[in-house]
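Each remark here refers to the structure printed beneath this line.
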Amino acid sequence: MPPIWESRQGDTLSTLMARNIGAGQMSERWTGLGKALLDQASLGGGSYSQSVLLSTTATQGNSDVQAVLRDQLHRFASQRVDLSLTTQSGARIELHLAANADGIAVDFKLAQGTLDDDDRAAMSALGDAFEQALKGLAAQPPTLALDGLMHLDQQHLAAIDLNATLGDALQVQLHADASQRSVTATSAAGTMKVAVDATSETLAGSAQQRQRAIASYLQQFDAATRRGHGDAALSDLFKDAFAQLHGGSTTPTRPGDQLAPALVADLNDRRMLSGLADFTASITGASVAPNPLRRDEVDGFDYQVSQHTSLSGARQADRSIVQQAQARLKASYHQSLQADLPLRLGTDRQSQNYTYHQIDDQADSRLEIGYRLGYMTQARLQQSASQDSRVSKYVLGQLVSQSHTPLQAQIVRDFAVQLQDGKEARVADGAYRRSQLLDGISALGLLQADPDQVRRNGTQLLND
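In this text, residue positions in the sequence shown follow UniProt numbering: the first is 1, and each later residue adds one.
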């Protein structure tokens with residue numbers, strides 16, 4: 001059947017759409033269109049719209065039917081991505097890609113302001129990043145590949161917003177500007193969100209510190225998902241978002257936009273911190289009551305984790321820095337008494353053989369760094385972790401046992417004396433030793449949800 005075009009054009013976008021409309025997989029219908037659409041938008045012009053229909057209804061329908069199908073494709077397609085870019089001068093351009101069983105549609109418009117040559121160049125430079133984002137979203141299962149869009153050229157671009165709808169399976173939102181970067185994803189399994197405070201990146205550490213902290217947190221997320229029986233696919237998206245929001249280097253803000261702060265964390269301070277900018281992150285699973293005989297037994301998963309850093313003091317020589325990371329896991333789930341027998345809870349007693357688990361875990365890590373007249377007076381680490389598990393066992397619908405397992409650990413360590421002793425000035429490799437000590441404090445201070453690991457942190461020696 002012949003394709004039905006919105007308009008006959010010989011541009012790159014139309015050529016790609018003509019190729020993609022015959023793709024067997026819905027995921028292939030966007031191939032190449034992200035970069036081409038940004039390139040087209042950067043060439044100038046206030047607007048652009050193109051669509052191609054390939055269905056029996058479109059081919060056999062008259063122009064009125066085709067107009068309705070075209071409008072539905074542009075506005076209500078099951079697969080849709082909207083991208084908005086705002087420049088430092090206040091101009092905003094909006095781009096849209098859509099696909100469904102009937103066809104493909106793209107459009108853009110300059111919603112406000114005007115674009116100069118530098119704005120267009122900055123937009124075009126995002127083409128490959130937008131293409132990678134579309135490729136990840138179109139994959140099966142969908143993945144997040146948003147890191148290229150997150151770190152803006154702040155010389156020319158002020159903000160970026162991406163909204164993606166992938167049928168009923170997944171919705172994704174990305175926002176990035178000079179103050180915050182965030183990603184939210186919602187599926188039938190629940191919602192995850194990660195937000196990074198971009199204004200705190202002056203406290204971030206080296207690339208090595210960041211990667212170590214990211215790896216540590218990803219392990220924590222995996223452990224929480226296993227312990228609370230969270231959704232693996234939603235957790236994978238959560239980890240993708242966390243790593244990508246924190247992983248890249250930042251693009252400097254425009255010169256002259258900010259005055260030098262009265263207080264700063266110096267290199268040694270930053271070496272002791274986690275290496276990450278401040279953040280909040282959460283996974284909230286969809287709640288369900290699967291047991292018709294006990295509706296109060298609800299399966300759920302809620303994980304919250306955050307980091308906040310404060311810098312205070314009357315002057316630089318008397319500064320205080322506090323960095324605190326916290327995590328909380330509350331989860332509950334049902335489990336069959338026989339590992340090889342799926343749990344199918346019903347109204348008959350024969351189906352009521354299971355355990356009901358309730359998890360309530362908390363973790364906290366707090367590092368306090370203090371100076372008086374330029375001399376370090378405090379480098380104090382407090383860590384705690386608690387795990388609380390309650391299990392109720394039912395056989396043929398009768399409660400036969402209940403257990404409660406609380407675990408907890410807490411440590412307090414102060415490294416100020418070790419950092420003050422001046423040993424680095426007395427030995428040839430003193431500077432290296434001090435660097436290693438600061439690095440060790442940073443690693444030790446990373447959030448730990450396992451009480452056993454917290455106890456080990458309390459006895460671990462840091463050599464200087």
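Even glycine gets a Cβ: it sits at the ideal position worked out from N, Cα and C.
In this text, all values refer to a predicted model and were calculated from it rather than measured experimentally.
Determine contact between the stretch 140-154 and the stretch 164-180, defined as no fewer than three beta-carbon pairs at a distance below 8 angstroms. yes
Which stretch, first to last residue, makes up the alpha helix (DSSP H) that contains F415? F415 -> no alpha helix (DSSP H), and no H or E assigned at all.
Considering A223, what are the terminal residues of the beta strand (DSSP E) in which it resides? Careful: A223 lies outside any beta strand (DSSP E), inside the alpha helix (DSSP H) at 207-228.
Who are the near neighbours of S320 in its chain, counting only those whose CB is closer than 6 angstroms to its CB and skipping five residues on each side? S312, G313, G370
Work out the CA separation of K109 and L53 for me, nearest whole Å. 22 angstroms
Does the Cβ-Cβ distance between A286 and G190 come in under 9 angstroms? yes
Check whether the Cβ atoms of G275 and Q219 lie closer than 9 angstroms to each other. no
Given Q418 as reference, the closest of S55, S84, F242, T377 once Cα atoms are compared: T377
Out of Q112, I93, A111, which has the shortest C-alpha to C-alpha gap to S124? I93
Taking the alpha-carbon positions, what's the A262 to S310 distance? 14 angstroms
Y432 - partner residues in DSSP beta bridges: None, per the DSSP bridge assignment.
Among all the DSSP beta bridges, which residues are the ones paired with E368? V322, R380
For T114, count neighbouring C-beta atoms within 10 Å of its own C-beta (all shown protein chains included) and say buried if the count is 16 or more, exposed if not. exposed
Quick one: residues in its chain with C-beta nearer than 6 angstroms to the C-beta of P252, no 5 flanking neighbours on either side, listed in chain order? For P252, the predicted structure reports a pLDDT of 47, less than 50, and the residue's modelled location is therefore unreliable. A value from the coordinates is still provided. Once the five neighbours on either side are set aside, P252 has no close Cβ partner at all.
CB-CB under 7 angstroms to L461, same chain, minus the five flanking residues each way: which ones, in chain order? none
Identified DSSP bridge partners for M150: Answer is none; M150 lacks a bridge partner.
Work out the CA separation of S47 and L69 for me, nearest whole Å. 21 angstroms
By how many angstroms is the C-alpha of Y394 removed from the C-alpha of H357? 12 angstroms
Should A101 and H74 be called a contact, given that it needs their Cβ atoms to be closer than 9 angstroms? no
I'd like the span of the beta strand (DSSP E) that includes D177, first residue to last. 170-177
For Q155, count neighbouring Cβ atoms within 10 angstroms of its own Cβ and tell me buried if that reaches 16, exposed if not. exposed
Please list, in chain order, all residues of the same chain as A36 whose beta carbon is under 6 angstroms from its beta carbon, the five residues on each side excluded. T12, L13, L16
What did DSSP end up calling G445 once you bin it into helix, strand or coil? coil
Going by Cα to Cα distance, which pick from A416, G32, L396 is closest to G346? L396
Given a cut-off of 9 angstroms, decide if S282 and L447 are closer than it, judged by their beta-carbon atoms. no
Alpha-carbon to alpha-carbon, L170 and Q335: 27 angstroms
By the 10 Å Cβ neighbour count, where 16 or more other Cβ atoms means buried, how is Y303 classified, buried or exposed? buried
With C-beta atoms as the reference, is L203 less than 9 angstroms away from D278? yes
Would D266 be called buried (16 or more neighbouring beta carbons within 10 Å of its own) or exposed? exposed
DSSP puts Q50 in a beta bridge; with which residues? V106
Output yes or no for whether 9 angstroms exceeds the beta carbon distance between S442 and Q408. no
Mark H151 as exposed unless 16 or more other C-beta atoms lie within 10 angstroms of its C-beta, in which case mark it buried. buried
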